[in-house]
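If you read the sequences in order, they're chains A and B. Heads up, the first sequence is in my numbering, so the first residue is 1 and it goes up one at a time. Heads up, the second sequence is in my numbering, so the first residue is 1 and it goes up one at a time. Quick reminder that beta carbons are idealized off the backbone N, C-alpha and C, glycines included. Have a look at the structure below, then the notes.
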Amino acid sequence: FPANTRQTKEEGMQLIQKYLENYYGFKKDGEPFVWKSNNAMTQKLKEIQKFFGLEVTGKLDSGTLDLVQKHRCGFPDIAG
Amino acid sequence: FSTFAGELKWTKQVLTYRIVNYTPDLHPANVNAAIKKALSVWSRVTPLRFIKKDRGDADIMISFAARGHNDFIPFDGPGGSLAYAYAPGKDFGGDAHFDEDETWTKSTEGTNLFYVAAHEFGHSLGLSHSKDPNALMYPVYRKFDPSVLLHQDDITGIQYLYGPSSNTNNDQRESTEIKNPTESKDLELPNSCSSNLTFDAVTTFRGEIMFFKGTHIWRKHPAVRTADFELVSSFWPRLPPGVDAAYEIPEKDEMVIFKGNEFWVVRGDTILPGYPQKLYTLGFSKDVTKTDTAFHNGIEGKTYYFIADKFWSYDKRSQSMDRKSLVIRDAFPGINGKIDAVFQHGNFLYFFSGRKQFEFDLDKKRVTRFLKTNLWFPC
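See below:
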């Protein structure tokens, strides 16, 4: 069966949002979690990619998704 | 590397730490060792020294907990966030919290406690995360490599805050990585169970017995089986290694430490102002340039100083030092020749000469036991 990309995508988005909240001082502003270009989320995602030397796309690509699942220190990279 | 906003750092060089609770994943002795080694990673490249406390408050409080644990950063279960630490400061400043939902190990399997703790103590001392993927302060946990610890980025960062270690030798200054201190050969640590064990000085100290040896001391509480092994500089950074003699004056809560023709008076981990002073200020003739060892008999109110096969005594009541020295064996029958160390424990004196130890009964005025020097350690 084709992978349930919708569910995987949603899981990935929740993971990245949690990561941004924990380590990049991202504050969910209540708006539904949608993906618009240049919104706060995209900016924050670029911050992660820049910090870790990944390609700065602002998109939830596989390299970024792989990174946010690694064990790490609980202290923020960018203090909120 | 990066520091915290405002370059938060400790303003003192001797910091205390306390392991508040232990993970069931490891034997407590392994946790103690991992934490001590993780702190030594930073003390080797800075003037910082760390003293372990077993009760009360400490600058760096170390604890294990799962999920929510009375602060505002709950853990997230196995994986994800492994641990975190607070920047230097009072109260929870400097504290390090470890996620009990991880499997803490002392190997390359699971989550190596020493490796994570070394990273977290970087935060406790004022470093934030590094972007250098080789640095210890990089935020993501990588496969633990026991041979390499601090990268140049880490050393540059911590020395930006505290400066270099006073005893860093050249090769470390140039080296880009600090090898695992307990593996490097040049740190041949004295072995308390060696049959060749000798001491530089021995004294009581606030209910414990302190055995000085080179740059280290063993601290032994008579009621506790094991002895703590510390750097002398972790207590008194300004004291030179390899002291000659030390004795305690319990009634003043002071300890007097001798090296060459100087002596220091300390109270706890503080050297009292105005020290070091010269030996002759105690009443010795100026040709006396060092003392082998000394002890203070609080009951008699006398302090005895031993040099070669003779001794001087200072009487607190008359505030006077003997006019001339006396031969040791005349006053302490059975104790012959040069003494390395001596201390009083109850109504006995314990004399250390090379690898031999003599128990001397102050009432019977004679040697009552002939002992091994490491009698006091759980060998």
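Consult DSSP for R72(A) and reduce its assignment to one of helix, strand or coil. Mapped onto the first sequence, residue 72(A) falls at position 72. The answer is strand: DSSP assigns R72(A) an E or B state.
For a test of the three-state rule: what should DSSP assign to Y115(B), helix, strand or coil? Translated into positions along the second sequence, residue 115(B) becomes position 115. The answer is helix: DSSP assigns Y115(B) an H, G or I state.
I need the straight-line Cα distance from R355(B) to Y84(B), nearest angstrom please. In the second sequence, the residue the question calls residue 355(B) occupies position 355. In the second sequence, the residue the question calls residue 84(B) occupies position 84. For R355(B) and Y84(B), the distance between alpha carbons rounds to 47 Å.
Checking contacts by CB at 9 Å: is Y24(A) closer than that to chain B? Reading the first sequence from its first residue, position 24 is the one you call residue 24(A). Chain B, which has no Cβ nearer than 9 Å to the Cβ of Y24(A), makes this no.
So that I know if they touch, is there some Cβ in chain B lying closer than 9 Å to that of D61(A)? Stepping through the first sequence from its first residue, residue 61(A) is reached at position 61. By this cut-off, D61(A) is not an interface position.
Can you tell me whether I62(B) is buried or exposed, with buried defined as 16 or more other CB within 10 angstroms of its CB? Against the second sequence, residue 62(B) aligns to sequence position 62. That one is buried.
If we ignore side chains and look at the alpha-carbon of each, how far apart do T373(B) and N196(B) end up? Sequence index remark: in the second sequence, residue 373(B) carries index 373 (1-based). Sequence index remark: in the second sequence, residue 196(B) carries index 196 (1-based). So the alpha carbons of these two residues sit roughly 8 Å apart.
In terms of alpha-carbon separation, which member of S353(B), F332(B), D363(B) lies closest to G346(B)? In the second sequence, counting from the first residue as 1, residue 346(B) sits at position 346. It is D363(B) whose Cα lies nearest to the Cα of G346(B).
Would you say K70(A) faces chain D, with C-beta separation under 9 Å as the test? The structure shown contains no chain D; its protein chains are A and B.
Could you pull out every unbroken beta strand (DSSP E) segment of at least 3 residues lying fully inside the stretch 243 to 316 of chain B, listed in chain order? 245 to 249, 254 to 259, 262 to 267, 293 to 297, 302 to 307, 310 to 315
Tell me the rounded alpha-carbon separation between T64(A) and S192(B). Locating residue 64(A) in the first sequence gives position 64, counting from the first residue. Locating residue 192(B) in the second sequence gives position 192, counting from the first residue. Spanning the two alpha carbons is a distance of roughly 52 Å.
Name the DSSP bridge partner or partners of Y17(B)? On the second sequence, residue 17(B) is found 17 positions in, with the first residue counted as 1. The partner list for Y17(B) (beta bridge, DSSP) reads K52(B), I60(B).
Of the residues A135(B), H129(B), K36(B), which one's Cα is nearest the Cα of I381(B)? The structure shown does not extend to residue 381(B), since chain B is modelled only from 1 through 379, so no value can be given for it.
Can a CB atom of chain A be found closer than 9 Å to the CB of T3(B)? Numbered from its first residue, the second sequence carries residue 3(B) at position 3. For T3(B), the answer is no, since every Cβ of chain A falls outside 9 Å of its Cβ.
Boundaries (first-last residue) of the alpha helix (DSSP H) holding F51(A): Taking the first sequence and counting its residues from 1, one reaches residue 51(A) at position 51. Start and end: 40 to 51.
Hey, does L20(A) have any beta-carbon neighbour from chain B nearer than 9 Å? For this step, residue 20(A) is matched to residue 20 along the first sequence. For L20(A), the answer is no, since every Cβ of chain B falls outside 9 Å of its Cβ.
Return the CA-CA distance between S194(B) and T16(B), expressed in angstroms with no decimal places. Taking the first residue of the second sequence as position 1, residue 194(B) is located at position 194. Taking the first residue of the second sequence as position 1, residue 16(B) is located at position 16. Each residue's Cα considered, the two are about 30 Å apart.
Tell me the DSSP secondary structure of V202(B) in three-state form. As a first step, residue 202(B) must be located in the second sequence, where it is residue number 202. Strand.
According to the neighbour-count rule (16 or more other Cβ atoms, all chains shown, within 10 Å of its Cβ), is D292(B) buried or exposed? As a working mapping, residue 292(B) is identified with position 292 in the second sequence. Per the 10 Å Cβ criterion, buried.
Which value, in whole angstroms, describes the spacing of the CA atoms of I209(B) and S325(B)? Translated into positions along the second sequence, residue 209(B) becomes position 209. Translated into positions along the second sequence, residue 325(B) becomes position 325. Approximately 28 Å, taken between the alpha carbons.
Is the beta carbon of L272(B) sitting closer than 9 Å to the one on I257(B)? Indexing the second sequence from 1 puts residue 272(B) at position 272. Indexing the second sequence from 1 puts residue 257(B) at position 257. Against a cut-off of 9 Å, the Cβ pair of I257(B) and L272(B) comes out as no contact.
Local Cβ density within 10 Å of D361(B), reported as buried at 16 or more and exposed below that: Reading the second sequence from its first residue, position 361 is the one you call residue 361(B). With fewer than 16 other Cβ atoms within 10 Å, it is exposed.
Alpha carbon of I78(A) to alpha carbon of L125(B), nearest angstrom: The residue labelled residue 78(A) in the question sits at position 78 within the first sequence. The residue labelled residue 125(B) in the question sits at position 125 within the second sequence. For I78(A) and L125(B), the distance between alpha carbons rounds to 18 Å.
Would you say G53(A) faces chain B, with C-beta separation under 9 Å as the test? By 1-based counting over the first sequence, the position of residue 53(A) is 53. Against chain B, the CB of G53(A) has a partner CB under 9 Å away; the residue lies at that interface.
Please state whether DSSP places K37(B) in a helix, a strand or coil. In the second sequence, residue 37(B) corresponds to position 37, counting from 1. Here K37(B) sits in helix by DSSP.
Proximal residues of chain B, C-beta to C-beta of G58(A) below 7 Å: The count along the first sequence starts at 1 and reaches residue 58(A) at position 58. In chain order: nothing, as chain B lies at least about 19 Å away.
Would you check whether the ligand ADP has a heavy atom nearer than 8 Å to the C-beta of L161(B)? Looking for the ligand ADP in the displayed structure turns up nothing, as the structure carries no ligands at all.
Could you pull the start and end residues of the alpha helix (DSSP H) that A5(B) belongs to? In the second sequence, counting from the first residue as 1, residue 5(B) sits at position 5. That residue, A5(B), is in no alpha helix (DSSP H); it is neither H nor E in DSSP.
Starting from the beta carbon of D66(A), find every residue of chain B whose beta carbon is closer than 9 Å, and list them in chain order. Taking the first residue of the first sequence as 1, we reach residue 66(A) at position 66. Here the premise fails: no neighbours, minimum Cβ distance about 11 Å.
K290(B) versus I339(B), E7(B), E300(B), G298(B), residue with shortest Cα-Cα distance: Position 290 of the second sequence, counted from the start, is the residue given in the question as residue 290(B). The shortest Cα separation from K290(B) among I339(B), E7(B), E300(B), G298(B) belongs to I339(B).
Consider the Cβ of G74(A): report whether some Cβ of chain B lies at a distance smaller than 9 Å. Residue 74(A) sits at position 74 when you count from the first residue of the first sequence. At least one CB atom of chain B sits nearer than 9 Å to the CB of G74(A).
Please list, in chain order, all residues of the same chain as P47(B) whose beta carbon is under 7 Å from its beta carbon, the five residues on each side excluded. For the purposes of this step, residue 47(B) is taken as residue 47 along the second sequence, with counting starting at 1. Q13, Y162, G163, S165, S166, P237.
Note the first and the last residue of the continuous beta strand (DSSP E) segment covering A96(B). Indexing the second sequence from 1 puts residue 96(B) at position 96. Per DSSP, A96(B) belongs to the beta strand (DSSP E) from 96 to 99.
Collapsed DSSP secondary structure at L125(B) in the structure displayed: For the purposes of this step, residue 125(B) is taken as residue 125 along the second sequence, with counting starting at 1. Reduced to three states, the DSSP call for L125(B) is helix.
For D132(B), the three-state DSSP class (helix, strand or coil): Walking along the second sequence from the start, residue 132(B) turns up at place 132. Coil.
Of the residues D244(B), H221(B), T108(B), S234(B), the one placed nearest F212(B), counting alpha carbons only: Residue numbering aside, residue 212(B) sits at position 212 when the second sequence is read from its first letter. Taking only the C-alpha atoms, the option nearest F212(B) is D244(B).
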